[in-house]
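Report on the following structure.
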Amino acid sequence: MNASQDQAPIKQAAAAKSAGDRAFTDLCKLFETYLVKAGKARHELLIRYSPKSLHAWRVSLRRVTATLDQVCEAVDDDAPVDLVEQLKGYRNATGQSRDLDILLDESLPHFYEHKPKADKIDPALVQTLEAERQRLHHDALDHLQHANIPAIQRGFEAWYKQQSVGDAELQQIAAELIEFLFQQLRKRGERLGEGRKRLHKARTTTKKLRYTMELFEPLFPKDAAKRWLDQLADLQTHLGESHDRMTSRMLCKGLLPEAVERDDLKAFLKWSRTSAQGSAMKAATSLDRLMGLEKYWAS
């Protein structure tokens, strides 16, 4: 096969893109933008670790992994799901490091802010947590060394340039994906008060629904998704805070088992439980408001 024959399918796909699939091309370029942001965050982390850069890395990947596999599978039976799985692996490898950052940089400071009269946690205990954080930072950076974002970008670009998806077809795909995630959130929201794992599932679906709505927003009438996105952001905030407090509590009990009966740590564990419950109640109220909104994608 000669070079011109090798290029023929891509040329045909490029020609087909004049038939009204601009929205699909724009959507794929948005995915590429998130991958570029992830690559930038990775570069910053390898130069100097910072919780902010790690968060940027994870959010950029989440915006891709939360939506790309479903979009690809709806478009093409031979979708590049292996690329998405690679990205999920990259993100998951940094999860524990992020959890320790949240415990030490967010949960503990909030505890001291809301309980100014409480005893400070023994510096020796905090140092134990810091040592574990440094170990996890090292592990995260080791995984980042092997994260090949440019290769995934090339693989994704090669795939989407072979596709031809009209705007009407893409809008139908969008409506079906949004409806699926909405129903999943409704179901998971019913079990919101059943512990950390259930809350985590509801939080994950909330993120997926929010990012999917943002991704497909240009396909629907202007501002149609605004109320949904605002309410999802509110819900995500409360779910995130509750999950963070639960996780911080779990980490302290797991990493400091000999100290859980000490007054200083007991005060934090009690506060984190109460704070998590309060945020979960706010999340339930926010979810009720969300469920009362009109489905703009179903019209």
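In UniProt numbering, the protein residues as written are 1 to 299.
Just so it is clear, CB atoms sit at the ideal spot from N, CA and C, and this is done for glycine as well.
Quick caveat, the model's predicted, so the values are computed rather than measured.
Cutoff 7 Å; reference residue i; Cβ partners in own chain excluding five residues on either side
i	result
threonine 206	Leu185, Leu232, Leu235, Gln236, Leu239
alanine 283	Leu192, Leu235, His238, Leu239, Ser242
leucine 265	Ile121, Leu125, Cys252, Leu256, Ala259
leucine 61	Ala38, Leu87, Tyr90, Arg91
alanine 225	Met213, Glu217, Tyr296
leucine 144	Arg42, Leu45, Leu46
serine 286	Gln231, Asp234, Leu235, His238
lysine 52	none
alanine 147	Arg42, Tyr90
Buried or exposed (CB count within 10 angstroms, at least 16 for buried), residue i
i	result
methionine 291	exposed
proline 150	exposed
aspartate 223	exposed
alanine 38	buried
glutamine 12	A caution first: glutamine 12 carries a pLDDT of 40, below 50, which makes its placement in the model unreliable, though a value can still be read off. With fewer than 16 other Cβ atoms within 10 Å, it is exposed.
leucine 165	First, the residue type needs correcting, since residue 165 is valine and not leucine in the sequence shown. Label assigned to valine 165: buried.
glutamate 190	exposed
threonine 247	buried
valine 81	exposed
threonine 274	exposed
alanine 131	exposed
aspartate 26	exposed
threonine 65	buried
aspartate 263	exposed
arginine 133	buried
residue 311	Nothing about residue 311 can be read from this structure; the chain reaches only from 1 to 299.
arginine 63	buried
Short Cβ contact (8 Å threshold) for residue i with residue j
i	j	result
alanine 267	aspartate 119	yes
leucine 170	phenylalanine 31	no
serine 107	arginine 203	no
threonine 94	threonine 212	no
leucine 199	isoleucine 178	no
valine 75	glutamine 163	yes
leucine 136	glutamine 96	yes
leucine 219	aspartate 167	yes
leucine 45	isoleucine 152	no
aspartate 69	valine 84	yes
phenylalanine 111	tryptophan 271	yes
leucine 269	arginine 227	no
alanine 56	alanine 79	no
alanine 175	alanine 298	yes
Cβ neighbours of residue i in the same chain (closer than 8 Å, five flanking residues each side left out)
i	result
leucine 129	Leu100, Leu103, Leu104, Leu251, Cys252, Leu255, Leu256
aspartate 288	none
leucine 141	Leu45, Leu46, Tyr49
arginine 188	Arg198, Lys201, Ala202, Thr205
lysine 115	Ala267, Trp271
glutamate 73	Ala79, Val81
tyrosine 181	It is worth fixing the name first, because residue 181 is leucine in this sequence and not tyrosine. So the list reads Thr205, Lys208, Leu209, Thr212, once near-sequence residues are dropped.
Other residues of its chain near residue i: CB distance less than 6 Å, five sequence neighbours each side excluded
i	result
alanine 280	Ser242
arginine 196	Met246
glutamate 194	none
tryptophan 159	Pro80
leucine 173	Rather than leucine, the amino acid found at residue 173 in this sequence is isoleucine. Cβ within range, chain order: Ala74.
aspartate 21	Ser164, Val165, Gly166
Any chain D beta carbon closer than 8 Å to residue i
i	result
threonine 128	The structure shown contains no chain D; it is built from a single protein chain.
> Fully enclosed by the stretch 157-192, which beta strand (DSSP E) runs are 3 residues long or longer?
Replying inline: none
>> Could you tell me which whole alpha helix (DSSP H) segments of length 4 or greater appear in the stretch 44-121?
In response: 51-65, 68-75, 81-92, 95-102, 108-114
> Which runs of the alpha helix (DSSP H) spanning at least 4 residues fall entirely within the stretch 189-218, listed in chain order?
Replying inline: 196-216
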